[in-house]
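Each remark here refers to the structure printed beneath this line.
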Amino acid sequence: MILPMKNKYIIRSRISEKKFREILKYFAEDIEATKIANLTGISRISINKILKSIRVLMSKECEKISKFSGEKEIDESYFGAKRARGKRNTHIIGV
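Residue numbers 64 to 158, in my numbering, belong to the letters of the sequence shown in order.
Structural data, given as structure tokens:
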């Protein structure tokens, strides 16, 4: 017997979609995990796991659209006097 999915956002979750959307709303409002646990009636440990998975997914999406993902070449050079004592060279880093 196949049971219907309780939540289409998280596989094998015992939390309903309504509760998950409520947690997501509180996360977007920047409410602490302990307050979210009190408001939803779900344990703080479960809330922390859900919020961590949301943060991981958000960081993966940000990396996909980031200009700095993948390999980058960095060049460094010094400009200034060749043999002057006490003179400081200018350090330049190019990306």
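C-beta atoms are modelled at their ideal positions from N, C-alpha and C, and glycine is treated no differently.
Option in the options with minimal Cα separation from residue i
| i | options | result |
| --- | --- | --- |
| I110 | K69, I78, K123, Y72 | I78 |
| E80 | I128, I113, R107 | I113 |
DSSP three-state assignment for residue i, whether helix, strand or coil
| i | result |
| --- | --- |
| E95 | coil |
| S129 | coil |
| E134 | coil |
| N101 | helix |
| K71 | coil |
Beta-carbon contacts of residue i that lie in its chain and below 7 angstroms, excluding the five residues immediately before and after
| i | result |
| --- | --- |
| E85 | T103 |
| N70 | S76, I78, S79, E80, F83 |
| F97 | Checking the sequence shown, residue 97 turns out to be Thr, not Phe. Answer for T97: R107, listed in chain order. |
Contact set for residue i: own chain, Cβ-Cβ below 6 angstroms, skip 5 residues either direction
| i | result |
| --- | --- |
| Y72 | F83 |
Chain-order list of residues whose beta-carbon lies under 8 angstroms from that of residue i (same chain, five-residue window excluded)
| i | result |
| --- | --- |
| F90 | I99, L114, I117 |
| I94 | L102 |
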